[in-house]
Amino acid sequence: MKRLVDERDVKFVLYEQLRVDRLCDHPRYADFSPEMFDMAIEQAEKLADNEFYPANKIGDREGCRFDNGQVHVPAAFHQPYRKYCEGGWLAMCDAPEVGGQGFPVVVANACIEFFAAANWALLMYPGLTHGAARLLERHGSEELRELYLSQMYSGQWGGTMCLTEAGAGSDVGNLRTKAARRPDGSFNIEGQKIFISSGMHDLTENIIHMVLARIEGAPKGTRGISIFLVPRLRYDEQGQLVDNDVNCGGIEHKMGIHGSATCVLNFGENGRCIGYLLGKENSGMRIMFDMMNEARLFVGMQGLAHASTAYLHALQYAKDRVQGSPIESLKDPNAKRVAIIEHPDVRRMLMFMKSGTEGLRAMMHLTAYCLDRVRIAQSDEERELFQDYVDLLIPICKSMGSDLGFRVCETAIQVYGGYGFTSEYPVEQFLRDCKIASLYEGTNGIQALDLVGRKIAMKRGRLFKNVFKASNEILVKIKANYRLRDLIRIYEEAQESLIQATKFLGLKSMTDEFHVPILCAKPYLDLFGEVVIGFLLLWQAHIADRRLQEIYKDHNAKDAEACGQVLKSNRSAAFYRGKVASAEFFINQTLTQAAGKARAIMNNDKSALEIPDDGFALV
Amino acid sequence: MNIVVLLKQTPDTESVIRIAGDGQSIVTADLKWIINPYDEFAVEAALRLKEKHGGTVTLVSWGPRRVVESIRTALAMGADSGVLIDDPALTGSDGLGAAKALAAAVQEIAPDIVLCGSRAVDYDLAERGPMVAELLGYPHLGLAVALDSDGSVVTIERPIEGGKVSLAADLPALVTMGGSHAVWNPRYASLPGIMKAKKKPLAVKTLADLGVDAGDCGPDAAKIRITALEPPPERAPGRIIDGGLDLDGKAKALARALREEAKVL
Ligand SMILES: Cc1cc2nc3c(=O)[nH]c(=O)nc-3n(C[C@H](O)[C@H](O)[C@H](O)COP(=O)(O)OP(=O)(O)OC[C@H]3O[C@@H](n4cnc5c(N)ncnc54)[C@H](O)[C@@H]3O)c2cc1C
Numbered sequence: 006m007k008r009l010v011d012e013r014d015v016k017f018v019l020y021e022q023l024r025v026d027r028l029c030d031h032p033r034y035a036d037f038s039p040e041m042f043d044m045a046i047e048q049a050e051k052l053a054d055n056e057f058y059p060a061n062k063i064g065d066r067e068g069c070r071f072d073n074g075q076v077h078v079p080a081a082f083h084q085p086y087r088k089y090c091e092g093g094w095l096a097m098c099d100a101p102e103v104g105g106q107g108f109p110v111v112v113a114n115a116c117i118e119f120f121a122a123a124n125w126a127l128l129m130y131p132g133l134t135h136g137a138a139r140l141l142e143r144h145g146s147e148e149l150r151e152l153y154l155s156q157m158y159s160g161q162w163g164g165t166m167c168l169t170e171a172g173a174g175s176d177v178g179n180l181r182t183k184a185a186r187r188p189d190g191s192f193n194i195e196g197q198k199i200f201i202s203s204g205m206h207d208l209t210e211n212i213i214h215m216v217l218a219r220i221e222g223a224p225k226g227t228r229g230i231s232i233f234l235v236p237r238l239r240y241d242e243q244g245q246l247v248d249n250d251v252n253c254g255g256i257e258h259k260m261g262i263h264g265s266a267t268c269v270l271n272f273g274e275n276g277r278c279i280g281y282l283l284g285k286e287n288s289g290m291r292i293m294f295d296m297m298n299e300a301r302l303f304v305g306m307q308g309l310a311h312a313s314t315a316y317l318h319a320l321q322y323a324k325d326r327v328q329g330s331p332i333e334s335l336k337d338p339n340a341k342r343v344a345i346i347e348h349p350d351v352r353r354m355l356m357f358m359k360s361g362t363e364g365l366r367a368m369m370h371l372t373a374y375c376l377d378r379v380r381i382a383q384s385d386e387e388r389e390l391f392q393d394y395v396d397l398l399i400p401i402c403k404s405m406g407s408d409l410g411f412r413v414c415e416t417a418i419q420v421y422g423g424y425g426f427t428s429e430y431p432v433e434q435f436l437r438d439c440k441i442a443s444l445y446e447g448t449n450g451i452q453a454l455d456l457v458g459r460k461i462a463m464k465r466g467r468l469f470k471n472v473f474k475a476s477n478e479i480l481v482k483i484k485a486n487y488r489l490r491d492l493i494r495i496y497e498e499a500q501e502s503l504i505q506a507t508k509f510l511g512l513k514s515m516t517d518e519f520h521v522p523i524l525c526a527k528p529y530l531d532l533f534g535e536v537v538i539g540f541l542l543l544w545q546a547h548i549a550d551r552r553l554q555e556i557y558k559d560h561n562a563k564d565a566e567a568c569g570q571v572l573k574s575n576r577s578a579a580f581y582r583g584k585v586a587s588a589e590f591f592i593n594q595t596l597t598q599a600a601g602k603a604r605a606i607m608n609n610d611k612s613a614l615e616i617p618d619d620g621f622a623l624v
Numbered sequence: 056m057n058i059v060v061l062l063k064q065t066p067d068t069e070s071v072i073r074i075a076g077d078g079q080s081i082v083t084a085d086l087k088w089i090i091n092p093y094d095e096f097a098v099e100a101a102l103r104l105k106e107k108h109g110g111t112v113t114l115v116s117w118g119p120r121r122v123v124e125s126i127r128t129a130l131a132m133g134a135d136s137g138v139l140i141d142d143p144a145l146t147g148s149d150g151l152g153a154a155k156a157l158a159a160a161v162q163e164i165a166p167d168i169v170l171c172g173s174r175a176v177d178y179d180l181a182e183r184g185p186m187v188a189e190l191l192g193y194p195h196l197g198l199a200v201a202l203d204s205d206g207s208v209v210t211i212e213r214p215i216e217g218g219k220v221s222l223a224a225d226l227p228a229l230v231t232m233g234g235s236h237a238v239w240n241p242r243y244a245s246l247p248g249i250m251k252a253k254k255k256p257l258a259v260k261t262l263a264d265l266g267v268d269a270g271d272c273g274p275d276a277a278k279i280r281i282t283a284l285e286p287p288p289e290r291a292p293g294r295i296i297d298g299g300l301d302l303d304g305k306a307k308a309l310a311r312a313l314r315e316e317a318k319v320l
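Going down the list, the sequences are from chains A and B.
Residue numbers for the first sequence follow the numbering used here, so the first one is 6 and each next one is one higher.
Residue numbers for the second sequence follow the numbering used here, so the first one is 56 and each next one is one higher.
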């Protein structure tokens, strides 16, 4: 059994829900066809399965090695990295003019799920290179692009994002790395960055860093930040690659993603580090925000991918592990022993994992699809509309992806029982590797502030209204299905609870109780995310139910018994029934709590603010 | 070098196989289809020959339209063109019938060398390569784990009990591939390869196009029929020897079971 990603569900999201085949009608994607998408997904799965996955456990055990300034990645990473780059995967959805393959973002995203599930630590290297290359493509001068871009998109050179410093984590505006202007227009860079993923490694001969720094005399805070391209090896006047005084001071020892090098980087220790300005002076944060959406979606994908593989592993285990007897014969010592998948509590856990994973998958790919629609929009209004969807959904993708993904990994361990806790089995690694997703690229707390403090308020609440306008248009169609009426009712109540909570927070933010929305930001994001997932699963149930009824009809199955037979013998029917079950489970188990969660937000509980600091504990 | 690869589409080895109501075929709906892994080795070997000598790699296959996907995948790996024999008259034909159709298609191409898997992971009959070679009057070298050619002679290595044997034949010849994934390490289709594959020529032909008489290779000409398919027996559950026996008694019961039932002692 395949244990990375449920390919059938990916195809369901792509073709049956999002209808990405229609993207090929647009000139930008006219060279493509669904068959080519399928072929790419199939190759991604193969490469992930055969090359990435076998290196996952080895990478975890071996980790990265710091040796006299150089960092060695796990030896097993080299071959899959090379094959990934040779296949053109690094720049799958970038424009052919810059060396990309031109695929839709949503199809690339579907492929990423396989690689990420197989070996996230490894995927981070090309993943960060891609982000850095995009930044260069969009904001670099022609000269810089000419010198550095193609080697990055091909994976010959690596790339990083250098924001974090010891005193500037969530508070990026506090950074102290300095940039001093040189006569030729370039800058001397000096400062220390920490926690830099892929900051130093031996997969590539050169690494191109995107560094946030403050030009001498620039204002304090985020307004005075600029962004620089700082190569590890730069071209000198003769066009030779020379050392650029970027040194690695060490690597972190971490809970997970051991194969990914997390580095301390010292820029200009010897006063010889040169950086090149990207964009305008003091526009570093704006440029960073421009890139943030894709980076945050990528981290959300990490959560989804770990959930996906954790779920499929747990499912297989639950089918194999024999323990206990069926509930009907619990007291009979001679009763036959059954696989644990027969136990209701195990099935409940599997359903939690299944519905959560599928909901996340729909959310991630929907957001990627919206990025495509931004790319191919026919008018400014259309572009803005899809950009609005993206901007609103991104913090939810990042935060829900990582949090729910982690919980699915945790549940996988629960399904494995004690064995899951041992390093003999792979699920504990998934949990350790997954945890970081809620921390980097802006902690989930920061995502919640982005949602409540910026996105909801933006354009006078238009983002929020637009998203629900779109979902309501689909809901109208779903409502025609009487078999889903109970689910629809619960969903509508949950949506209403969310709207009430949103109004409440909006009003509070205009009073002197403006702390309350900040205090409730994370619970609010979680509620929002659950409503989004509930909607997407309901939409899927609607599609799946239609297909299921067609299959019943084709088999002339008119009563429950006949339908039951079809579900046993027809795998498509079982799949669609499983989709409906995901919606039933998630909506009944989770969305029913929305009213309570909204109430928790709206009852103005300020205990966390009012408690004196000493009141937390007298220690 | 003018190279032909015979390529068959088979169900993914990880698919759940179910026997159809007729008891003689499998349920094909919902199956995932792949290039027969042994034929994929042949594609790899063909591409290496092409890299060395230049020339073209043509894929020849028979089966329904879905086989186009597999041909395109091999084109994306780097092959140059494909021929699919898609003719309803072939439904229900046996291995020899299919071999006749394939041989006719190969004949039109008049290649220097024909490569194919030594067996297919579906029915595992291992007959197609030898049959096509025979029909074409080519020498047949089987189960290659290494292959080389100077353009006029092909040499292969194949394992034999306790060693290896090297074989050579004049071209044109047909070679079937043995070994494993680790031996041939077939390349992955790259994304640029997938883009290019779309524009590569792929001809769909009928038996009439090939000048083959359907009566010669269709079901009526079949010399072999599948009479029944059965799944492998389900693995019997393990037995725990207890029966209220003490340690000694359990050991005796176990020894007896191993000797008399399992017959391993
Ligand atoms: C493995 C790993 C890889 C990383 N890779 C990179 C990389 O490639 N590039 C890079 O630049 N950085 C990277 N980072 C750094 C990462 O982005 C930061 O760790 C993260 O932004 C949080 O900053 P911090 O660790 O300083 O935590 P802090 O900012 O100290 O946060 C601590 C806690 O306080 C909360 N908090 C802080 N400020 C606020 C606020 N205003 N309101 C509400 N809550 C707040 C946070 O949510 C968190 O819970 C990486 C980190 C790790 C561990």
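The beta carbon of each residue, even a glycine, is placed where N, CA and C say it ideally should be.
Measure the C-alpha to C-alpha separation of residue i and residue j and round it to an integer number of angstroms.
i              : j              : result
residue 538(A) : residue 389(A) : 23 Å
residue 147(A) : residue 7(A)   : 45 Å
residue 558(A) : residue 391(A) : 38 Å
residue 571(A) : residue 17(A)  : 20 Å
residue 453(A) : residue 510(A) : 13 Å
residue 128(A) : residue 281(A) : 27 Å
residue 95(B)  : residue 241(B) : 7 Å
residue 230(B) : residue 358(A) : 49 Å
residue 404(A) : residue 377(A) : 22 Å
If you measure from the beta carbon of residue i to each beta carbon in chain B, is any gap under 8 Å?
i              : result
residue 45(A)  : yes
residue 52(A)  : yes
residue 91(A)  : yes
residue 88(A)  : yes
residue 8(A)   : no
residue 576(A) : yes
Any beta carbon of chain A sitting closer than 8 Å to that of residue i?
i              : result
residue 245(B) : yes
residue 63(B)  : no
residue 251(B) : no
residue 131(B) : yes
residue 77(B)  : no
residue 14(B)  : Residue 14(B) cannot be examined here, being either before or after the span of chain B that is shown, 56 to 320.
residue 83(B)  : no
residue 69(B)  : yes
residue 127(B) : yes
Kindly indicate which three-state DSSP category residue i falls into: helix, strand or coil?
i              : result
residue 319(A) : helix
residue 294(B) : coil
residue 213(B) : strand
residue 94(A)  : coil
residue 486(A) : coil
residue 182(A) : coil
residue 480(A) : helix
Is it buried or exposed for residue i, if we count other Cβ within 10 angstroms and need 16 for buried?
i              : result
residue 252(B) : buried
residue 396(A) : buried
residue 85(A)  : buried
residue 75(A)  : exposed
residue 215(B) : exposed
residue 183(B) : buried
residue 427(A) : exposed
residue 408(A) : buried
Could you check if residue i belongs to the surroundings of ligand 3, using beta carbon to heavy atom distance under 7 Å?
i              : result
residue 257(B) : Looking for ligand 3 in the displayed structure turns up nothing; the ligands present are ligand 1.
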